[in-house]
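Novice: Each residue of the sequence shown is one higher than the last, beginning at 19 in my numbering. Before anything else, here's the structure in question.
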Amino acid sequence: MRAEIENIVDEIKQAISLLRRHLDWDQAVRRLDWLNNKAEDPNLWNDAQEAQKLMRERQQLDEGINGVKAIEQQLKDNIELIELGEEEGDASIVKEAEDALKAVRTEAARKQVEAMLSGEADGNDTYLEVHSGAGGTESQDWANMLLRMYTRWAERSGYKVELLEIHDGEEAGIKSATLLVKGHNAYGWLKTESGVHRLVRISPYDSNARRHTSFSSIWVYPVIDDSINIEINESDCRIDTYRSSGAGGQHVNTTDSAVRITHIPSGIVVACQQERSQHKNRAKAWDMLRARLYEAELKKREEAANAEAASKSDIGWGHQIRSYVLQPYQLVKDLRTGVESTAPSDVLDGELNEFMEAALAHRVNGGADAVTDDLN
């Protein structure tokens with residue numbers, strides 16, 4: 019076996035060891051057996067809330083344990099294939115098995131990142147807001163590109179996406195939008211994307227074809243369930259209704275069905291226009307406000323533990339977490355981790371996992387923001 023492949027095998031074995039340790043393997047296996055037996059108890063659903071909690075735990079343990087077992091089996095099978103191919107002098111079998119091992123290494127690394135998603139709300143669905151910065155049409159078009167990028171990432175990752183609210187720009191793009199991303203670990207994956215994103219390109223709206231810099235911000239916060247009690251004093255809130263904008267059904271732009279709630283003490287503003295009835299939009303907006311206040315509390319806890327926390331700051335120069343340069347060269351660079359891509363079109367089409375994985379590792383290790391210089 020070549021030295022390169024031996025190193026890959028060692029990396030996979032090390033990843034398996036770390037994953038087993040993270041799961042507390044023996045205890046996790048016993049707990050999953052108990053949960054599987056519990057799932058067959060007809061009295062389980064007498065308490066629906068507790069049942070849902072147990073079933074979520076069961077799913078997480080099942081995915082974790084079976085994921086490790088699958089990696090172990092693939093490692094064993096491909097090592098045997100390499101040995102067989104070497105014995106028979108069949109280079110094609112050896113090459114196929116070596117390529118498979120490289121893929122197993124990638125999957126093992128991804129599982130290690132997922133193991134980092136052990137925060138209080140990491141497994142939850144999530145809201146993702148996009149806001150354009152100063153700069154009019156340029157920034158509004160950039161905000162729309164970001165909205166598409168995260169929608170594509172979510173769809174590629176098997177998540178369901180709902181557009182809850184959108185405010186169109188005057189000429190093109192959007193002023194703001196809110197997505198609801200549904201699926202296991204949606205918040206855990208997306209939480210490190212909060213911050214300001216910078217775009218450099220030749221403007222399609224500039225007749226002189228000059229290069230422009232645009233800024234938009236992303237804000238991510240988890241959906242919370244009824245088991246988490248967030249008390250809100252309604253006298254602290256201002257509720258506004260307005261007509262929905264953007265593409266929609268027959269009631270769009272004809273009734274004041276959209277709802278905006280402003281929490282005065284914190285300055286948090288949420289809005290929803292997805293539903294046709296004001297009543298449903300109001301209920302969804304209250305859920306979003308509870309989620310934002312809960313996320314703010316999670317952020318305080320992380321800051322107290324000296325961990326990196328996404329912060330909502332000015333949407334402009336000096337606050338960006340990632341730069342996307344389309345002209346005069348092609349490069350995307352994350353300023354917290356130094357991770358780069360020379361294929362911005364792929365990144366803008368939703369290929370974000372490399373950036374997310376690095377940011378999660380950086381966050382878990384307590385790294386500070388802006389560890390690398392920005393692109394000129």
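Where is the CB? At the ideal position from N, CA and C, for every residue including glycine. The structure presented is a predicted model; accordingly, all values stated were derived computationally and were not measured.
For A161 versus I184, is the C-beta distance shorter than 8 Å?
Specialist: What you label residue 161 is simply residue 143 of the sequence shown in a count that begins at 1. What you label residue 184 is simply residue 166 of the sequence shown in a count that begins at 1. Going by C-beta atoms, A161 is not nearer than 8 Å to I184.
Novice: Can you check whether the CB of Y347 is closer than 8 Å to the CB of H215?
Specialist: On the sequence shown, residue 215 is found 197 positions in, with the first residue counted as 1. On the sequence shown, residue 347 is found 329 positions in, with the first residue counted as 1. Contact flag unset, no.
Novice: With a threshold of 8 Å on Cβ separation, who are the neighbours of V27 within its own chain once the five nearest residues in sequence on each side are excluded?
Specialist: Sequence index remark: in the sequence shown, residue 27 carries index 9 (1-based). These residues qualify, in order along the chain: M19, L93, I97, L119.
Novice: Using only alpha-carbon positions, find the residue among A377, T259, W171 that is nearest to G356.
Specialist: Indexing the sequence shown from 1 puts residue 356 at position 338. Measuring from the Cα of G356, the nearest candidate turns out to be A377.
Novice: I'd like the ranges of any beta strand (DSSP E) spanning at least 3 consecutive residues and lying wholly in the region 171-237.
Specialist: 178-186, 192-200, 213-220
Novice: On the three-state DSSP scale, how would you describe A139?
Specialist: Counting from 1 along the sequence shown, the entry for residue 139 is found at position 121. Note: A139 maps to coil in three-state DSSP.
Novice: In the DSSP assignment, the beta strand (DSSP E) including Q338 goes from what residue to what residue?
Specialist: Here residue 338 refers to the residue found at position 320 when the sequence shown is read from its first residue. Element bounds for Q338: 338-343.
Novice: For D254, which residues from the same chain have a beta carbon less than 7 Å from its beta carbon, with the 5 sequence-adjacent residues on both sides left out?
Specialist: Sequence index remark: in the sequence shown, residue 254 carries index 236 (1-based). Excluding residues within five positions, the ones whose Cβ falls inside 7 Å are H281, I282, P283.
Novice: How big is the Cα-Cα spacing for Q345 and A303?
Specialist: By one-based count along the sequence shown, residue 345 stands at place 327. By one-based count along the sequence shown, residue 303 stands at place 285. Approximately 39 Å, taken between the alpha carbons.
Novice: Who are the near neighbours of A204 in its chain, counting only those whose CB is closer than 6 Å to its CB and skipping five residues on each side?
Specialist: The residue you call residue 204 lines up with position 186 of the sequence shown. Only D143, T144, Y177 meet the Cβ criterion.
Novice: Between L311 and I286, how many whole angstroms is the CB-CB distance? I'm expecting something under 8 Å.
Specialist: Here residue 311 refers to the residue found at position 293 when the sequence shown is read from its first residue. Here residue 286 refers to the residue found at position 268 when the sequence shown is read from its first residue. Sure, about 7 Å apart at Cβ, within 8 Å.
Novice: What are the start and end residues of the beta strand (DSSP E) that includes R278?
Specialist: By 1-based counting over the sequence shown, the position of residue 278 is 260. R278 -> beta strand (DSSP E) spans 276-281.
Novice: Judging by CA-CA distance, which residue of P362, L181, V218 is the nearest neighbour of K200?
Specialist: Indexing the sequence shown from 1 puts residue 200 at position 182. Closest option to K200, Cα to Cα, is L181.
Novice: Taking DSSP as the reference, what is the three-state secondary structure of E156?
Specialist: Position 138 of the sequence shown, counted from the start, is the residue given in the question as residue 156. Helix at E156.
Novice: Do V131 and E375 count as a contact pair if the criterion is CB distance below 8 Å?
Specialist: Indexing the sequence shown from 1 puts residue 375 at position 357. Indexing the sequence shown from 1 puts residue 131 at position 113. Yes. Within cutoff.
Novice: What does S150 pair with, by DSSP beta-bridge criteria?
Specialist: For the purposes of this step, residue 150 is taken as the residue at position 132 of the sequence shown. Paired residues: S234.
Novice: What's the gap between the Cα of I220 and the Cα of T231?
Specialist: Start at 1 with the first residue of the sequence shown, and residue 220 comes out as number 202. Start at 1 with the first residue of the sequence shown, and residue 231 comes out as number 213. I220 and T231: Cα-Cα distance of roughly 9 Å.
Novice: Tell whether a beta-carbon distance below 8 Å holds between D95 and L50.
Specialist: Counting from one through the sequence shown, the residue named residue 95 turns up at place 77. Counting from one through the sequence shown, the residue named residue 50 turns up at place 32. The beta carbons of D95 and L50 sit no closer together than 8 Å.
Novice: Which value, in whole angstroms, describes the spacing of the CA atoms of A190 and G154?
Specialist: Locating residue 190 in the sequence shown gives position 172, counting from the first residue. Locating residue 154 in the sequence shown gives position 136, counting from the first residue. Their backbone Cα atoms lie some 9 Å apart in a straight line.
Novice: A115 to E188, Cα distance in whole Å?
Specialist: Taking the sequence shown and counting its residues from 1, one reaches residue 115 at position 97. Taking the sequence shown and counting its residues from 1, one reaches residue 188 at position 170. Taking the straight line joining both Cα atoms gives about 55 Å.
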